[in-house]
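Engineer: Chains as they are written, first to last, in the numbering used here: chain A, 15 to 384; chain B, 377 to 734.
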Amino acid sequence: MAPFAAQVFGHPSGHHRQARAARQAVEDARDQVAELLGAAPGEVVFTSGGTEADNLAVLGVLGAAARRRAGQETVVVSSAIEHAAVLEACRAAAARLPGVEHALVGVDTLGVLDLERLAEVLAEALDARVSLVTVMLANNEVGTVQPLSDVVALTRRLAPGAVVHTDAVQGAAWLDVALAARGVDLISVSAHKLGGPKGAGALVVREGTELEPLVVGGGQERERRAGTHDVAGAVGLATALALVAKERDAEAVRVGALRDRLADGLLDAVPSVTEAADRKSVVPGTCHLCFEGVDREELVVLLDEAGVCVSAGAACASGALEPSHVLAAMGVPARIARGSIRFSLGHTTSPADVERALAVVPEAVARLRG
Amino acid sequence: MRVLVAMSGGVDSSVAAARLVAEGHDVAGATLKLWGGPQSSGCCSVADVDDARRVAQQLGVPHHVFNYASDFERDVVEPYVVAHAEGRTPNPCIECNRHIKFDRLLERARRLGFDRLATGHHARVVELSGAFSLRRGADPLKDQSYVLSMLGQSQLGAIVLPVGDMTKPEVRAEAARLGLRTAAKPDSQDVCFIHDREGREGFLESRIELHAGEVVEAESGLALGAVDAVELVTVGQRRGMPAAGSRRYAVAVDVAARRVTVAGAVRAAVHEVTLEPGSVTWVDRPLADGEEAVAQMSAHGRPARCTVHAGARGESLVCRFPVAQRPVAPGQTLALYDVSDPDAVLGAGIVAGSGVRA
Chain A
15 MAPFAAQVFG
25 HPSGHHRQAR
35 AARQAVEDAR
45 DQVAELLGAA
55 PGEVVFTSGG
65 TEADNLAVLG
75 VLGAAARRRA
85 GQETVVVSSA
95 IEHAAVLEAC
105 RAAAARLPGV
115 EHALVGVDTL
125 GVLDLERLAE
135 VLAEALDARV
145 SLVTVMLANN
155 EVGTVQPLSD
165 VVALTRRLAP
175 GAVVHTDAVQ
185 GAAWLDVALA
195 ARGVDLISVS
205 AHKLGGPKGA
215 GALVVREGTE
225 LEPLVVGGGQ
235 ERERRAGTHD
245 VAGAVGLATA
255 LALVAKERDA
265 EAVRVGALRD
275 RLADGLLDAV
285 PSVTEAADRK
295 SVVPGTCHLC
305 FEGVDREELV
315 VLLDEAGVCV
325 SAGAACASGA
335 LEPSHVLAAM
345 GVPARIARGS
355 IRFSLGHTTS
365 PADVERALAV
375 VPEAVARLRG
Chain B
377 MRVLVAMSGG
387 VDSSVAAARL
397 VAEGHDVAGA
407 TLKLWGGPQS
417 SGCCSVADVD
427 DARRVAQQLG
437 VPHHVFNYAS
447 DFERDVVEPY
457 VVAHAEGRTP
467 NPCIECNRHI
477 KFDRLLERAR
487 RLGFDRLATG
497 HHARVVELSG
507 AFSLRRGADP
517 LKDQSYVLSM
527 LGQSQLGAIV
537 LPVGDMTKPE
547 VRAEAARLGL
557 RTAAKPDSQD
567 VCFIHDREGR
577 EGFLESRIEL
587 HAGEVVEAES
597 GLALGAVDAV
607 ELVTVGQRRG
617 MPAAGSRRYA
627 VAVDVAARRV
637 TVAGAVRAAV
647 HEVTLEPGSV
657 TWVDRPLADG
667 EEAVAQMSAH
677 GRPARCTVHA
687 GARGESLVCR
697 FPVAQRPVAP
707 GQTLALYDVS
717 DPDAVLGAGI
727 VAGSGVRA
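1) Along the chain, where does the alpha helix (DSSP H) containing A:Asn69 start, and where does it finish?
2) Give me the Cβ distance between B:Leu488 and A:Leu316, rounded to the nearest whole Å; I'm assuming they're in contact under 8 Å.
3) Which ranges does the alpha helix (DSSP H) cover as unbroken runs of at least 4 residues, wholly within the region 502–546 of chain B, from first to last along the chain?
4) Along the chain, where does the alpha helix (DSSP H) that runs through B:Arg624 open and close?
5) Does the structure place the region 115–133 of chain A close enough to the region 55–74 of chain A that three or more beta carbon pairs sit under 8 Å?
6) For the region 586–651 of chain B, list the alpha helix (DSSP H) runs that are entirely contained and at least 4 residues long, ordered along the chain.
7) From A:Phe60 to A:Leu257, what does the alpha carbon distance come to, in whole angstroms?
8) To be precise: take each residue of the region 484–497 of chain B, compare its Cβ to all Cβ atoms of chain A, and keep it if any distance is under 7 Å. Which residues remain?
9) So what's B:Ser389 in DSSP terms, helix, strand or just coil?
10) Assign B:Lys409 to one of three DSSP states: helix, strand, or coil.
11) Would you say A:Ala192 and A:Thr180 are within 7 Å of each other, going by their C-beta atoms?
12) Alpha carbon to alpha carbon, how far is B:Pro662 from B:Arg430?
13) State the DSSP-derived secondary structure class of B:Phe442, mapped to helix, strand or coil.
14) At a Cβ threshold of 7 Å, is B:Gly385 touching chain A?
15) Note down, in chain order, all residues in the region 428–440 of chain B with a beta-carbon under 9 Å from any beta-carbon belonging to chain A.
16) Going by other Cβ atoms of all chains shown within 10 Å of its Cβ, with 16 needed for buried, is B:Lys477 buried or exposed?
17) To the nearest angstrom, report how far apart A:Val375 and A:Ala173 are at their CA atoms.
18) A:Leu50 and A:Ala187: beta carbons closer than 7 Å?
19) So, with DSSP's three-state summary, where would you put B:Ala659?
20) Mapping DSSP to helix, strand and coil, what is B:Cys568?
21) Three-state secondary structure (DSSP) at A:His243?
22) Does the Cβ of A:Asp309 have 16 or more other Cβ atoms within 10 Å, making it buried, or fewer, making it exposed?
23) Mapping the DSSP letters down to three states, classify B:His475 as helix, strand or coil.
24) Using CA coordinates, which residue listed in B:Leu598, B:Ala461, B:Phe579 and B:Cys568 is at the minimum distance from B:Val422?
25) With a threshold of 16 other CB atoms inside 10 Å of the CB of A:Ala378, please say whether the residue is buried or exposed.
26) Roughly how many whole angstroms lie between the Cα atoms of A:Ala16 and A:Asp244?
27) Could you give the residue range of the beta strand (DSSP E) that holds B:Gln672?
28) What first and last residue would you give for the beta strand (DSSP E) that runs through A:Pro298?
29) Can you tell me whether A:Gly250 is helix, strand or coil according to DSSP?
30) Anything in chain B within Cβ reach of A:Val315, meaning under 7 Å, just list it in chain order.
31) Can you confirm whether A:Glu226, when its beta carbon is compared against all beta carbons of chain B, has any partner nearer than 7 Å?
32) For B:Cys695, which beta-bridge partners are listed by DSSP?
33) Could you tell me if A:His29 is buried or exposed, where buried requires 16 or more neighbouring beta carbons within 10 angstroms of its beta carbon?
34) Confirm, please, whether the CB-CB distance from B:Glu667 to B:Leu731 is below 7 Å.
35) With a cut-off of 8 Å, do at least 3 Cβ pairs link the region 716–727 of chain B to the region 630–638 of chain B?
36) Just the chain A side, please: which residues come within less than 7 Å of B:Val425 by C-beta, in chain order?
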């Protein structure tokens, strides 16, 4: 990746030797990404990250649908626990595009999509045809893996005209996307969730999927996303995906064991702690815990001071934490959600890191509980 | 000493943080998100948070953003709205100081292991043999002791006000000397949750129904005119009141009856202000019955001598003024200062009503 950030100055759309080198790097990366995600090279659109990929999927599909249906009603169905990149894109589509409505499908108390409700929504929407169903592969807050193959099957049966999108940003580190998202029409991935660079991602767009570009200009990415390629980013994404794929199974076992050690250790050591989701359906890298009687804003500060970096959820534009829509959708009471944090484990996490967290967290929680 | 600085993104709290860093304290900054509204300026806009964060980065100290939006809604905004619906006019900045900054944030600072909470208020805390006093800031034009007048010993002992001994020009000069991006930033003037464009009327209109009402002369009982919204009239207000030959002040607002009572300057003048039972707080010790004090009834109001007396109802307090005062709106805060040491705050309470001596 590094040479393309510093040494190969060519513009991949140019016609000289430097340009050809850059072009080849992008196309090699595209081949690699396509193979790892179970797609054809022509189906891979490089983006500036997961958010852009999600936006392109949602607004691109609905933009095309709204135009095709010329103002007739059409529906985008999403789970209630999607990342803001998807939820806000759905809301923007409903607000900006004539005839577009957004329907939310809830989850059960363990954070897994309510398939019966999805079936109802798809069946109810028959008159207003469903254009898009979007359900994430794994949730970014609580880590729950969603029943994607069921979503695909239900959509094909009840809304055959609809395309299915999955935000695989969180899931791609732990699941074989080619397998897990089989039959899905649009797949978003992001490099930084795989140890790659921030600001690089891709959207897989299955051949034949109607999509309006969000960025127009020089016609790059087969007119699905104009703009000079981020060559280093594309190479970084491909490399990260390849490395993850090579070590995924072993890492899932190793990190899953560390996660269990952390979760069980904290459940043992700290009173009044709960796991919001069922660990059996959670990706190995996520340990989401609710510490009753503690404010997550305070816990994050204390743990940061002790050298343990955790996430307390999504922030708004100012950087302040917002109440979790995921926990709300799961029916977690606000007073429990208030003390919820996510420990993320990954490739660089060592047993020593977990022991350190186990040493630090109970003390911090006790201090905050006074 | 470990100090958490409440950084609004303004110049005062920027310099407060810088001074603490320069003194060698272990400093962290915190900006409060109080309001989810779209306003572009005020205490908690994204731009202000950015300014606070950039100043903290420049000073090399950690910066946190704490979300108190739901507390702020419950303890400041909602009571503000309810008060207007009942014809009272509270001071939301004081309520924010009371409930958010010097209560929840102070508690949080303690839990997080900070020795002190600092703010950029222009006032001074002085310790003398274990007792803390609250004094006016060094800059008489910017003095903010009024909005801190409800603090007691437990809070005063836990806070630092690093710019209280500076004048505003000194604060700006210091910020400029340090190259802080907030050096020339204008002072915030307005209530942070009310947008310039919508104003108080627009804000209240979105929350409660506003009612037109009649304006009645106190002496004669004659109707002199009308107002578009009784809820927007503040006792003591002259603007918008029918003049009928001479200036008229609003002396009573009765929302239920849709009536504003006005009177001329002489008749409107009050000699007595009663404070709500339970609202009275003391910096150190209560004043004795009949003791003299100096009262201030708005942020930059003119101080006036009074004597304080136990009220008839419960813990209420009555301030009697030998010199007539303009009427004070119920809901406003009355701060009491020391007669012999006029910079020293003695206590405060919320005005229940004002009138001529009973």
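Ideal Cβ positions, reconstructed from N, Cα and C, are used throughout, including at glycine.
Structural biologist: Concretely, from the data shown:
1) Gly64 to Arg82
2) 6 Å
3) 529–532
4) Note, B:Arg624: premise wrong, no alpha helix (DSSP H); beta strand (DSSP E) at Arg624 to Asp630.
5) no
6) 641–644
7) 19 Å
8) Arg484, Arg487 and Leu488
9) helix
10) strand
11) no
12) 43 Å
13) strand
14) no
15) Arg429, Pro438, His439 and His440
16) buried
17) 48 Å
18) no
19) The residue you asked about is not Ala; residue 659 of chain B is Val in the sequence shown. Correct three-state label for B:Val659: coil.
20) coil
21) coil
22) buried
23) helix
24) B:Cys568
25) buried
26) 12 Å
27) Glu668 to Gln672
28) Here A:Pro298 belongs to no beta strand (DSSP E), and DSSP marks it neither H nor E.
29) helix
30) His440 and Leu488
31) no
32) B:Val649 and B:Val684
33) exposed
34) For clarity, residue 731 of chain B is Gly in the given sequence; the question names Leu instead. No, the Cβ-Cβ distance between B:Gly731 and B:Glu667 is not below 7 Å.
35) no
36) Ser332 and Gly333
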